[in-house]
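Undergrad: Got a structure here, written out as structure tokens. Questions coming.
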Amino acid sequence: MRQVNLRNVDLNLLVVLEKLLETRHVSIAATQLHMSQPAASRALQRLRDALQDPLLVRIAGEYELTERAIEIQRLLPSALATIKDVIAKPQFDPATAEETIRFSGPELEVNLYGPPLLQRMKQDAPGLKLELKSDIRNQFEPLESGEAHFVLSGQTPASATSQLHRFSLGRFSYVCLMSKDHPLAGKPISLEDYLSQDHISVMITGSGHSIIDEKLSVLGQKRNVAVKIGSFFAAMHFCGQSDMLFLVPSIFDTQIYTGHNTVSSPVPDFLKDHHQEFFLYWHERYHHDPMIKWTRDLMKETTKQYR
111 MRQVNLRNVD
121 LNLLVVLEKL
131 LETRHVSIAA
141 TQLHMSQPAA
151 SRALQRLRDA
161 LQDPLLVRIA
171 GEYELTERAI
181 EIQRLLPSAL
191 ATIKDVIAKP
201 QFDPATAEET
211 IRFSGPELEV
221 NLYGPPLLQR
231 MKQDAPGLKL
241 ELKSDIRNQF
251 EPLESGEAHF
261 VLSGQTPASA
271 TSQLHRFSLG
281 RFSYVCLMSK
291 DHPLAGKPIS
301 LEDYLSQDHI
311 SVMITGSGHS
321 IIDEKLSVLG
331 QKRNVAVKIG
341 SFFAAMHFCG
351 QSDMLFLVPS
361 IFDTQIYTGH
371 NTVSSPVPDF
381 LKDHHQEFFL
391 YWHERYHHDP
401 MIKWTRDLMK
411 ETTKQYR
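Residue numbers for the sequence shown follow this note's numbering, so the first one is 111 and each next one is one higher.
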């Protein structure tokens, strides 16, 4: 088979070729394509040069197709349809879609933002499936590998990358969570009160050391972290069944922890200005995907009360 250098072929000529083979007349083809007759003639010559075949030959005063042109006419419609499919903007219809949207992130973020999203998806896109994977360490690796479409996180990537996009899901102050039977339950908590208690710390990044410990260090203070644990829900259970304190963003106190033998109190003054912001992250490879764009818009809608 003769090799063809596509760099020498203008794809626009294929549209002209289709019409020339259909009408077998340069002037008629030009009229139907809203071209001038000289432009259509030049296009025919370029096609003859590229295909190394006359395509149209005059016989008894009329143009006839060459054998090569007849074969091209048979193949051209499907070829043009394929090209149109390649170039056409991808379509996404939530009402009929059956794909799976994959999320990853720490369990707190997954449990906070997943259920409202699923509820809306069931209304607007009943065939879509939602995969929610709780992951604490290497939170952004699923985006890099393509394992997840989105990551829910209050963390920032260790190294800035232009390949990741994000928007805010909300910014929240902290509260101090404790057992309903705790001596400090329902009372203002001073720094001295706070430091006199045992604490629970969740190991999001692996060490259990947090911004709270850094703030205390600036004050020359240190809290006693009695339990370091890798699960927020296990930390909640420990908190409700002990006399330890656990700091959480206020949104989790109202949305998740209520009813688990815990109550919350305002944080000590040194943490009054401390906030936690959560983000939805996604990779550049999915930035223009219509399903991913639709999901981002839905996330914005289901989290607007937090912003």
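In this text, a Cβ means the ideal position worked out from N, Cα and C, and glycines have one as well.
Just verifying my parser: in three-state terms, what is the DSSP assignment at residue 143?
TA: Your numbering for residue 143 matches position 33 in the sequence shown. Here residue 143 sits in coil by DSSP.
Undergrad: Taking one C-beta from the stretch 207-220 and one from the stretch 178-193 each time, how about it: are there three or more such pairs within less than 8 Å?
TA: The answer is no - the stretch 178-193 does not touch the stretch 207-220, with fewer than three Cβ pairs under 8 Å.
Undergrad: To the nearest angstrom, how far is the alpha carbon of residue 279 from that of residue 227?
TA: On the sequence shown, residue 279 is found 169 positions in, with the first residue counted as 1. On the sequence shown, residue 227 is found 117 positions in, with the first residue counted as 1. Using only the alpha carbons, I get a separation of about 12 Å.
Undergrad: Quick one: grab the DSSP three-state call for residue 405.
TA: The residue labelled residue 405 in the question sits at position 295 within the sequence shown. Residue 405: helix per DSSP, three-state reduction.
Undergrad: Cutting at 6 Å between CB atoms, please list the residues of its own chain near residue 243, excluding the five before and the five after it.
TA: Counted from its first residue, the sequence shown places residue 243 at position 133. Answer for residue 243: 214, listed in chain order.
Undergrad: Within this structure, are the beta carbons of residue 211 and residue 238 separated by less than 8 Å?
TA: The sequence position of residue 211 within the sequence shown is 101, counting from 1. The sequence position of residue 238 within the sequence shown is 128, counting from 1. Contact: yes.
Undergrad: Label residue 406 either buried or exposed according to how many other C-beta atoms from any shown protein chain fall within 10 Å of its C-beta, with 16 as the threshold for buried.
TA: On the sequence shown, position 296 is the one that residue 406 refers to. Buried, because 16 or more other Cβ atoms sit within 10 Å of the Cβ of residue 406.
Undergrad: Going by other Cβ atoms of all chains shown within 10 Å of its Cβ, with 16 needed for buried, is residue 388 buried or exposed?
TA: Residue mapping note: residue 388 aligns to position 278 of the sequence shown, counting from 1. The residue in question, residue 388, is buried, as its Cβ has 16 or more Cβ neighbours within 10 Å.
Undergrad: If we ignore side chains and look at the alpha-carbon of each, how far apart do residue 401 and residue 303 end up?
TA: Residue 401 sits at position 291 when you count from the first residue of the sequence shown. Residue 303 sits at position 193 when you count from the first residue of the sequence shown. Using only the alpha carbons, I get a separation of about 50 Å.
Undergrad: Would you say the beta carbon of residue 175 is closer than 7 Å to some non-hydrogen atom of the ligand ZN?
TA: You won't find the ligand ZN in this model; it holds no ligand whatsoever.
Undergrad: Could you tell me the boundaries of the beta strand (DSSP E) in which residue 335 lies?
TA: Taking the sequence shown and counting its residues from 1, the one referred to as residue 335 is at position 225. Residues 334-339.
Undergrad: Whose C-alpha, out of 165, 299 and 397, is nearest the C-alpha of residue 382?
TA: The sequence position of residue 382 within the sequence shown is 272, counting from 1. Nearest option by C-alpha distance: 299.
Undergrad: Please state if the CB of residue 176 and the CB of residue 185 are separated by a distance shorter than 8 Å.
TA: Start at 1 with the first residue of the sequence shown, and residue 185 comes out as number 75. Start at 1 with the first residue of the sequence shown, and residue 176 comes out as number 66. No, the pair does not count as a contact, with Cβ atoms beyond the cut-off.
Undergrad: Where residue 331 and residue 268 are concerned, what is the direct C-alpha to C-alpha distance, given to the nearest angstrom?
TA: As a first step, residue 331 is located in the sequence shown; it is residue number 221 there, counting from the start. As a first step, residue 268 is located in the sequence shown; it is residue number 158 there, counting from the start. Rounded to the nearest angstrom, the two C-alpha atoms are 27 Å apart.
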